[in-house]
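*Asks:*
Numbering (my numbering), first residue to last: 41 to 178.
(1) Taking residue 162 as the reference, give the member of 128, 80, 171 and 151 with the closest Cα.
(2) What does the alpha-carbon distance come out to for the pair residue 67 and residue 82?
(3) Buried or exposed for residue 103, going by 16 or more other Cβ atoms inside 10 Å?
(4) I need the straight-line Cα distance from residue 54 to residue 100, nearest angstrom please.
(5) What are the start and end residues of the alpha helix (DSSP H) that includes residue 116?
(6) Say whether the region 104-119 touches the region 149-156, bearing in mind that this needs 3 or more beta-carbon pairs closer than 8 Å, one atom from each stretch.
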């Protein structure tokens with residue numbers, strides 16, 4: 041399951057995508073619209089800014105804004121940034137691999153094989169879906 045942090049990030053990115061013509065959006069506006077703690081949202085937006093998805097402006101007329109087109113923000117990258125691995129088991133993770141303690145041989149492990157397929161199919165979808173797909177669905 042996606043963490044609340046990632047769900048809130050997707051809500052915030054969607055809000056920013058819908059309000060791109062306004063140039064900048066206040067954290068408070070997003071927080072109120074989606075019932076998110078201001079402080080928690082602020083931390084999420086800072087992570088997204090550091091990762092190169094958002095820009096920010098201080099002072100009058102300040103706030104956050106998308107610095108990439110929505111179609112250039114793959115869902116897989118947002119999930120990995122905030123939640124870590126997409127794979128359900130560490131032994132099949134592409135970016136966060138760790139061997140399972142209880143497994144004698146990954147090559148002979150049926151669970152490993154099935155979970156690798158689940159990972160591959162999930163990645164196929166998430167790498168081909170972007171913030172634009174969420175905006176198009178609303």
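Idealized CB from N, CA, C, for every residue including glycine.
*Replies:* Considering the structure as presented:
(1) Looking up residue 162 in the chain shown gives position 122. Residue 162 has its Cα closest to that of 128, out of 128, 80, 171 and 151.
(2) Numbered from its first residue, the chain shown carries residue 67 at position 27. Numbered from its first residue, the chain shown carries residue 82 at position 42. Their Cα atoms are separated by approximately 7 Å.
(3) Mapped onto the chain shown, residue 103 falls at position 63. So residue 103 ends up on the buried side.
(4) One-based indexing of the chain shown puts residue 54 at position 14. One-based indexing of the chain shown puts residue 100 at position 60. Rounded to whole angstroms, residue 54 to residue 100 spans 23 Å at the Cα level.
(5) Within the chain shown, numbered from 1, the residue matching residue 116 stands at position 76. Residues 115-123.
(6) no
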